[in-house]
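Have a look at the structure below, then the notes.
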Amino acid sequence: MSETPAPRLAATIEEVWEALQSRWPETRLEPSLDRIRALLEILGDPQDAFRIIQLTGTNGKTSTSRMIDTLLRSLDLRVGRFTSPHVERINERISIDGEPLSDDDFVAAFNDVAHYLSLVDDDQPHPLSFFETTVGMAYAKFAEAPVDVAVVEVGLGGGWDATNVADADVAVVTPISIDHAKYLGETPVAIAREKAGIIKPGGVAVIAEQGVDVAAVLDQHAAEVGARLLWEGTDFAVVSRTPAVGGQIITLRGLHGTYEDLFLPLYGAHQAQNAAAALAAVEAFLGETVLGDELVRDAFAKVDSPGRLEIVRSSPTILLDAAHNPAGAEATVAALEDSFSFSGVVGVIGVMADKDVEGLLAAFEPVLEHLVVTQNSTERALPAVELAKIAVELYGEERVSVVPRLADAIDAAMGLSESSAGGSISEGAVLVTGSVVTAGEARTLLGTRSSSGVSAATARVVPTSDPELEAYLEADADDD
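For the sequence shown, the positions run 1 to 480 when UniProt numbering is used.
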């Protein structure tokens, strides 16, 4: 039995954050839906009050869910969207009508379920987790609104994810690769077995391009439960794409027709594929209803996805990207190469300690002229000094700088970008990436502060004492 104390009601969103942080972390997965089922039963099973499109996969869930959301709202449907993790503020996790809950509404959503958390905690071997609590908040808020349909991203995995307590009308599986291996498995096939759990008996699932072995796992699961699969390349596809100013022009083949020359204000082939999956998901949700050309055109033109190769500043261009695994980094690199022509790109990378750090850095290496290693503010962050040791082995000591504070790292990278562009700062770029948290913290910094004046000349100073690293980098400021 759990001994978690009865929660207090929150007065501010900061108090909600503290209360959620005191629970099991959202990165922890236990193969049980008992706790979330118990909470939702007490709340009156709000997940049964609306239809659901549910998404799983390793990369692309958030961008795809935002596209689905926009398409559905263009049909005058009231839409709720649940996403995780957030980029900047926890409110982003629950949105209605395309807008995150206000601080007051988010506090109210927490307080509405807080009354019942201890009842579930006291009756279970483990208390409700951070993630399970937010799922309960979202489903209750969507029912209260009420929404016509909810677009729901899984948090981790699929079958045992708390969101999967609800039966979705349409499942979407974005590309599967290796991430969260500790909980989901060491291979894409093992991960696919867990993620296939969102494909329900008699349901329909939209499947993005997958490796052969992963596709076989999904196909086998669908056969076992009697579900219908719609495959990218067979049932829907990207017909063509051309990089353009501010995004790309794409032609998509959907389930019921082809939509030509759509402007998508996001970069990269992977976002075109996300758009194709989003279109197919909405078509599958609607059944035989055919979407009008202008509706689809207008909807895709409105899409945004913060922290996904997002330009937040010019001179030099600063881009933020949430890539946090090798597959995501490879997609970002491909997008940089086909959509931009920078004279040089300086990377600012901060990662989580439990990620495939070497694989991530290796994927970015071909496009980064210089790398500034840093760290974000979370306890899960890999210290910059440790990250630098790995980076030096891949990039060489002359291409690696260490600036542990993210704000200073961005300033240092801006100076390095100007130097690498031969004094023409408009031709260089800075890419801040490595995790959703790093991208989010950078987004907040760049939206609210002025330069702190850290120059390229001081970028290689290592504030954290580490003789081994200093030997690698020859980082004594006097040498500069």
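Ideal Cβ positions, reconstructed from N, Cα and C, are used throughout, including at glycine.
Keep in mind it's a predicted model, so treat the numbers as computed, not measured.
Between the alpha carbons of residue i and residue j, how many angstroms are there, rounded?
{"i": "residue 482", "j": "Ala442", "result": "Nothing can be reported for residue 482: it is not among the residues displayed for the chain, which extend from 1 to 480."}
{"i": "Glu224", "j": "Glu386", "result": "46 Å"}
{"i": "Asp34", "j": "Ala10", "result": "26 Å"}
{"i": "Ala205", "j": "Asp167", "result": "12 Å"}
{"i": "Ala278", "j": "Glu153", "result": "13 Å"}
{"i": "His256", "j": "Asp45", "result": "34 Å"}
{"i": "Arg313", "j": "Ala331", "result": "22 Å"}
{"i": "Thr12", "j": "Ala150", "result": "26 Å"}
{"i": "Ser339", "j": "Thr64", "result": "20 Å"}
{"i": "Val351", "j": "Ser401", "result": "15 Å"}
{"i": "Thr187", "j": "Ser177", "result": "8 Å"}
{"i": "Ser305", "j": "Ala335", "result": "15 Å"}
{"i": "Tyr259", "j": "Arg73", "result": "18 Å"}
{"i": "Gln220", "j": "Asp69", "result": "29 Å"}
{"i": "Ala49", "j": "Arg66", "result": "21 Å"}
{"i": "Asp27", "j": "Glu310", "result": "According to the sequence provided, residue 27 is Thr. The question's Asp does not apply to it. Near 25 Å, if we compare the C-alpha coordinates of Glu310 and Thr27."}
{"i": "Ile249", "j": "Ala38", "result": "47 Å"}
{"i": "Ala284", "j": "Thr378", "result": "39 Å"}
{"i": "Arg106", "j": "Asp169", "result": "Position check: residue 106 holds Phe in this sequence, whereas Arg was assumed. For Phe106 and Asp169, the distance between alpha carbons rounds to 26 Å."}
{"i": "Ile94", "j": "Ala19", "result": "17 Å"}
In the DSSP assignment, find the unbroken beta strand (DSSP E) run with residue i in it and report its ends.
{"i": "residue 486", "result": "Outside the displayed range of the chain (1 to 480) lies residue 486, so it cannot be described from this structure."}
{"i": "Thr251", "result": "247 to 253"}
{"i": "Phe82", "result": "79 to 82"}
{"i": "Arg8", "result": "It is not in any beta strand (DSSP E) - Arg8 carries neither H nor E in the DSSP assignment."}
{"i": "Glu232", "result": "Premise fails: Glu232 is in no beta strand (DSSP E) and is neither H nor E."}
{"i": "Gln220", "result": "It is not in any beta strand (DSSP E) - Gln220 instead sits in the alpha helix (DSSP H) that spans 212 to 225."}
{"i": "Glu310", "result": "310 to 313"}
{"i": "residue 481", "result": "Given a span of 1 to 480 for the chain in the structure shown, any question on residue 481 remains unanswerable."}
Could you pull the start and end residues of the alpha helix (DSSP H) that residue i belongs to?
{"i": "Arg35", "result": "34 to 42"}
{"i": "Ile68", "result": "61 to 74"}
{"i": "Glu194", "result": "188 to 195"}
{"i": "Arg443", "result": "436 to 448"}
{"i": "Ser118", "result": "103 to 121"}
{"i": "Val147", "result": "Here Val147 belongs to no alpha helix (DSSP H), and DSSP marks it neither H nor E."}
Below 6 Å, is the gap between the Cβ of residue i and the nearest heavy atom of the ligand GTP?
{"i": "Ile42", "result": "Here there are no bound small molecules, and the ligand GTP is not part of this structure."}
Thinking residue i and residue j are a contact (beta carbons under 8 Å), I'd like their distance in whole angstroms, please.
{"i": "Gly268", "j": "Ala439", "result": "Wrong, their Cβ atoms sit about 15 Å apart, outside the cutoff."}
{"i": "Gly197", "j": "Asn164", "result": "6 Å"}
{"i": "Asp354", "j": "Pro326", "result": "Going by Cβ atoms, the distance from Asp354 to Pro326 rounds to 14 Å, so no, they are not a contact pair."}
{"i": "Leu360", "j": "Val303", "result": "Rounded, the Cβ-Cβ distance is 26 Å, inconsistent with contact."}
{"i": "Ala227", "j": "Ile199", "result": "5 Å"}
{"i": "Val333", "j": "Ala363", "result": "6 Å"}
In the DSSP assignment, what are the bridge partners of residue i?
{"i": "Gly428", "result": "Gly344"}
{"i": "Gln21", "result": "Partner(s): none; Gln21 has no beta bridge."}
{"i": "Thr332", "result": "Paired residues: none, contrary to the question."}
{"i": "Met352", "result": "Ala381"}
{"i": "His370", "result": "Val346"}
{"i": "Gln54", "result": "Val152, Ala171"}
{"i": "Pro100", "result": "Ser95"}
{"i": "Thr317", "result": "Ala429"}
{"i": "Pro243", "result": "Gln248"}
{"i": "Val402", "result": "Val373"}
Contact the stretch 131 to 149 vs the stretch 71 to 84: 3+ CB pairs below 8 Å: yes
On the three-pair Cβ rule with 8 Å, is the stretch 382 to 396 touching the stretch 357 to 374? yes
Three Cβ pairs or more, each shorter than 8 Å: is that satisfied between the stretch 124 to 138 and the stretch 346 to 363? no
Flag this pair as touching only if the stretch 286 to 295 and the stretch 42 to 58 have three or more C-beta atom pairs under 8 Å; answer yes or no. no
Do three or more CB pairs link the stretch 229 to 241 to the stretch 197 to 213 at distances below 8 Å? yes
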